[in-house]
Amino acid sequence: MRTIGGGLAAEAVVPFTTELTMFPVTLSLEGLDTHCGDTITEVLLEWKPRGNGDSPRAGTATATATDETWSAEMPLPDDGDVAQYHMRVKFADESEMVFPDNRADPWFHVYRGDVMPLYCTDFESDPFAEGWRADTDGSWAWGVPGGSREHGDPKVAYSGTRILGTGLSSTQGGYPDDRVVWVETPRIDTGQWSDVRLHYRRWLGVEDGFYDHATIHVNGEQAWANVTSQGNSNRTQHHEDKAWVFNDLALSSRIFDKHVSVRWQIDSDQAFELGGWNLDDVCIVANINSVCGDGVRNPAEQCDLGDANADVPDSACRTTCRVAYCGDGIVDAYETCDDGNLDDTDDCNTDCEPTETWDHEPAGCCSTAGGADPRTALAPLSLVLLGLFARRRRRA
Numbered sequence: 084m085r086t087i088g089g090g091l092a093a094e095a096v097v098p099f100t101t102e103l104t105m106f107p108v109t110l111s112l113e114g115l116d117t118h119c120g121d122t123i124t125e126v127l128l129e130w131k132p133r134g135n136g137d138s139p140r141a142g143t144a145t146a147t148a149t150d151e152t153w154s155a156e157m158p159l160p161d162d163g164d165v166a167q168y169h170m171r172v173k174f175a176d177e178s179e180m181v182f183p184d185n186r187a188d189p190w191f192h193v194y195r196g197d198v199m200p201l202y203c204t205d206f207e208s209d210p211f212a213e214g215w216r217a218d219t220d221g222s223w224a225w226g227v228p229g230g231s232r233e234h235g236d237p238k239v240a241y242s243g244t245r246i247l248g249t250g251l252s253s254t255q256g257g258y259p260d261d262r263v264v265w266v267e268t269p270r271i272d273t274g275q276w277s278d279v280r281l282h283y284r285r286w287l288g289v290e291d292g293f294y295d296h297a298t299i300h301v302n303g304e305q306a307w308a309n310v311t312s313q314g315n316s317n318r319t320q321h322h323e324d325k326a327w328v329f330n331d332l333a334l335s336s337r338i339f340d341k342h343v344s345v346r347w348q349i350d351s352d353q354a355f356e357l358g359g360w361n362l363d364d365v366c367i368v369a370n371i372n373s374v375c376g377d378g379v380r381n382p383a384e385q386c387d388l389g390d391a392n393a394d395v396p397d398s399a400c401r402t403t404c405r406v407a408y409c410g411d412g413i414v415d416a417y418e419t420c421d422d423g424n425l426d427d428t429d430d431c432n433t434d435c436e437p438t439e440t441w442d443h444e445p446a447g448c449c450s451t452a453g454g455a456d457p458r459t460a461l462a463p464l465s466l467v468l469l470g471l472f473a474r475r476r477r478r479a
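Per the numbering used here, the sequence shown starts with residue 84, numbered consecutively.
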């Protein structure tokens with residue numbers, strides 16, 4: 084059994100205005116033992132665009148070695164895009180290892196763009212004193228990571244000394260069973276920015292999504308979830324980070340009123356728990372080249388008419404650079420009502436039509452109108468049916 088560890092060194096965010104033409108990535112390995120078959124024949128840097136785009140186009144480069152360090156370069160993504168990459172190590176016995184070593188998510192991210200922070204915390208001060216909220220279970224804690232070996236937790240923070248996570252102690256370590264536990268940022272003003280993103284470092288350990296669900300919610304909508312095994316698998320595709328991982332998550336499609344809050348959550352079953360969420364260096368940032376209201380539509384916007392953007396009925400583009408929709412709180416010509424939510428239990432339903440209510444039954448043959456007891460009208464019929472039933476029983 085191999086006990087090789089590895090760490091990739093690369094920037095998480097590359098400015099759009101960088102002078103770089105290529106993105107360098109370095110892999111350092113430790114624990115190699117040629118007596119155990121750890122003779123490396125080739126190391127490859129593999130990359131692809133995240134999502135359905137083509138920036139950058141998927142490709143592979145052979146890494147060059149210096150002692151136990153391998154380096155290679157890949158193309159940079161375009162402004163506002165994200166590339167995924169990892170290193171594939173091939174051994175003489177034809178086996179392979181991929182770094183990051185996580186079957187559920189074997190990719191690192193790099194985001195390209197000039198960003199400014201709207202909110203950041205490195206958790207060196209108490210987040211709950213700054214407006215963070217958590218469930219009442221008490222599983223979320225702020226402090227020094229305990230490094231539980233049983234649950235695969237980190238021994239040190241990504242930066243500084245403190246983090247926010249579930250079960251930080253070396254003895255407790257994991258998240259609780261059969262619970263829903265969550266923690267949430269304060270509500271952040273996103274202003275005129277139309278490409279707003281979550282950048283953070285995570286060390287996540289959670290059972291296969293068939294059993295336990297690690298999720299991120301943005302303004303109440305699920306925006307990310309751990310992998311769930313499909314088909315006839317044995318349901319063991321657990322998400323197990325073995326290092327601090329940078330993650331980028333686009334938020335703008337779930338921002339409707341120029342404010343955002345982000346929630347990390349775990350919904351567990353009754354058995355087998357891992358370390359859960361460990362968070363550090365959480366930032367909500369904006370791409371400064373994506374400004375709603377400048378009259379230039381960017382990929383994060385549905386529309387942008389500049390000064391003609393307006394939050395009035397039948398406007399072609401809202402001040403959030405989104406087209407009108409049911410639930411935006413503005414009654415347009417195609418709507419009878421719009422109360423600003425998608426709740427079918429109030430006076431305005433999710434189709435922006437008044438919710439139908441029944442205060443009384445209509446008059447008719449089965450009506451209770453006029454004070455008549457409907458049971459009296461049905462009584463003779465019930466007696467006839469009872470007689471027929473009795474007759475059939477006697478004939479049987």
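Idealized CB from N, CA, C, for every residue including glycine.
As assigned by DSSP and simplified to three states, the class of residue i
i, result
"S154", "strand"
"S336", "helix"
"A47", "Look at the range of the chain in this structure, 84 to 479, and you will see that residue 47 is not part of it."
"P237", "coil"
"A212", "helix"
"H321", "coil"
"Y294", "coil"
"S277", "coil"
"D350", "strand"
"P259", "coil"
"E179", "strand"
"W360", "coil"
"S373", "coil"
"T143", "strand"
"G230", "coil"
Other residues of its chain near residue i: CB distance less than 7 Å, five sequence neighbours each side excluded
i, result
"G214", "P269"
"P55", "What the structure shows of the chain is the stretch from 84 to 479, and residue 55 is not part of that stretch, so it cannot be assessed."
"T124", "K173, F174 and A175"
"D483", "Nothing can be reported for residue 483, as the shown portion of the chain is limited to 84 through 479."
Beta-carbon proximity list for residue i, same chain, < 6 Å, skipping 5 on both sides
i, result
"A455", "Confidence at A455 is low in this model, with a pLDDT of 43, below 50, so the placement of that residue should be treated as unreliable; the coordinate-derived value is given next. No residues qualify anywhere along the chain."
"T311", "G292 and F293"
"A95", "F329"
"H443", "Summary for H443: the model assigns pLDDT 48, below 50, so the residue's position carries little reliability; its value from the coordinates is reported in the next sentence. Taken in chain order, the list of residues that qualify is empty."
"L251", "A224, G226, P228 and G229"
"T433", "L425 and D427"
Supposed close pair residue i, residue j - CB separation, criterion 8 Å
i, j, result
"V266", "W347", "6 Å"
"A333", "M199", "Not quite, the Cβ-Cβ distance comes to about 16 Å (not below 8 Å), so this is no contact."
"G412", "D422", "7 Å"
Nearest-angstrom Cα separation, counted from residue j out to residue i
i, j, result
"S178", "R171", "10 Å"
"Q305", "S336", "12 Å"
"D197", "R284", "19 Å"
"V395", "L112", "59 Å"
"T122", "L110", "16 Å"
"W130", "N309", "21 Å"
"P107", "K238", "27 Å"
"D397", "V165", "35 Å"
"N317", "T244", "38 Å"
Residues of its chain near residue i, where Cβ-Cβ distance is below 8 Å and the 5 sequence neighbours each way are ignored
i, result
"D272", "L201, K341 and H342"
"T147", "W153, S154 and A155"
"I338", "T273, V279, V301, N302 and T403"
"P183", "L91, H169, P189, W190, F191, D324, K325, A326 and V328"
* Would you check if there are 3 or more beta carbon pairs closer than 8 Å linking the stretch 258-265 to the stretch 219-227? => Touching, per the Cβ criterion.
* Using 8 Å as the Cβ pair cut-off and three pairs as the minimum, do the stretch 370-377 and the stretch 343-362 touch? -> Contact between the stretch 370-377 and the stretch 343-362 is absent, because fewer than three Cβ pairs lie under 8 Å.
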